[in-house]
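Going by my numbering, the sequence shown runs without a break in its numbering and finishes at 320. Ideal placement from N, C-alpha and C gives every residue a C-beta, glycine not left out.
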Amino acid sequence: MTTAPIRLGISRCLLGEEVRFDGGHKHDPFLTDTLGRYIEWVPVCPEVEAGLGVPREAMRLVGNPQHPRLMTIGSQHDHTQALEAMIEGRLDALRILSLSGFIFKRGSPSCGTERVRVYTSQGMPSHSGAGIFAKAFRDTFPLVPTEEEGRLCDPSLRENFIERVFCYHRLQDLLQNGLTSQSLIRFHTIHKYLLLSHSPQHYNTMGRLVSQAEQYRLKALTTKYSDLFMKTLAVKTSVRKHVNVLHHMVGHFKNRLQTEEKSELLGVIDDYHRGLTPLIVPLTLINHYVRVFDVEYIRDQVYLNPHPKELMLRNHV
Ligand code: SF4
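The structure is reproduced here in structure tokens:
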């Protein structure tokens, strides 16, 4: 059971705050008006917090793509040191807040997570890299789910990111409440079908780890399990993998269905398989039978309700 609020870091300009170099913002209504109902935002504008002011001269990354400098485009002023000083203190403060994810502004030399242009000192774009703050954040908190706002327009990336945020939050709760073999088994059990929908290989590896939990020191077990859990959830699902999970679930109650009910349910799964309906359709019917028959093993599966249904994330995948 989750207790603390779900806190997500966010590039401040995405909330509609006028902190961009030109005094503007990049308000994303899905984030503030929809996702924001379930989230406590922790806004960060690295450039403003580094003391660079609004408005400010436009900047870009220059030099070594692994260790670029943050330079103003016109006056060639180097702001790297100011940004790095801000980052040091800010990451410590963010650690205390136990963020469950971070949404970054795409393309920014401070906030972009990938494909940010890096220029030569002569002003030619040479490589792509990551914004300086975003890279430092991801290096410091490798398990925390991160995404760029632009990629969240893709329904499957959006569903995957938000699913990982809710899962990571439950993992944080598990660890904060003190991991025991029993609590780990319970946690793993309720996530089984979700993990299977991402990667049957990782699912098997995790099953072996949990069954051998007694052989590990608690710290090693925590690290290994957390790492595998988040890696598994980052593997893309597919229609084929979902269909496999749906059939596994139906196997728990199909003997209790009338012939017509069974063929209707299998037909709905087949429709999803053929791309005629979204995932929410077979899931709604399965959820219905799980409630009606009170199927113990699957009634608590996170796979059935991985995030608030009001977000309608499975209506488009
Ligand atoms: S992209 Fe990052 S640095 Fe730029 S305005 Fe937005 S929050 Fe600030």
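CB contact flag (residue i, residue j, <9 Å)
i	j	result
M233	L146	yes
L174	T235	no
I120	A133	Correcting the residue type first, residue 120 is Arg in the shown sequence and not Ile. Against a cut-off of 9 Å, the Cβ pair of A133 and R120 comes out as no contact.
L38	P158	no
G12	E21	no
E50	R59	yes
L306	Y196	Checking the displayed sequence, the identity of residue 306 turns out to be Tyr instead of Leu. Cβ distance < 9 Å, so Y306 and Y196 count as in contact.
Residues of its chain near residue i, where Cβ-Cβ distance is below 6 Å and the 5 sequence neighbours each way are ignored
i	result
Y171	S103 and P148
F107	S14, C114, T116, A137 and E151
R23	C16
Residue i (DSSP reduced to helix, strand or coil)
i	result
I338	The requested residue 338 is not part of the displayed model; the chain covers only 4 to 320.
H172	helix
L18	helix
F296	helix
L73	strand
Y219	coil
D303	coil
D230	helix
H191	helix
L64	strand
S184	helix
T5	Only weak support exists for where T5 lies, its pLDDT of 49 falling under 50; the value from the coordinates is given anyway. Three-state result, T5: coil.
Inter-residue spacing [alpha-carbon to alpha-carbon] between residue i and residue j
i	j	result
M62	R72	10 Å
L34	N258	43 Å
A10	T183	Per the sequence shown, residue 10 should be read as Arg rather than Ala. Between R10 and T183, the C-alpha separation is close to 25 Å.
H310	E52	33 Å
G19	E43	16 Å
F296	F256	8 Å
S2	S124	No answer is possible for residue 2: it lies beyond the span of the chain, which begins at 4 and ends at 320.
T83	F105	22 Å
L288	I272	10 Å
T240	C48	33 Å
E313	A88	41 Å
Sequence-distant residues of its chain with Cβ nearer than 8 Å to residue i (five each side left out)
i	result
Y275	V242, H245, V246, L249, P281, L282, V284 and P285
S131	P68, E117, R118, V119, R120 and V121
L269	V253
V2	Nothing about residue 2 can be reported from this structure: the residues present for the chain run from 4 to 320 only.
Integer-rounded CB distance, given that residue j should sit under 8 Å from residue i
i	j	result
V45	L100	6 Å
Contact set for residue i: own chain, Cβ-Cβ below 7 Å, skip 5 residues either direction
i	result
D322	This structure cannot speak to residue 322, because the chain is shown only from 4 to 320.
D3	Residue 3 lies beyond the residue range present for the chain, which begins at 4 and ends at 320; the question has no answer from this structure.
V238	H201, S202 and H205
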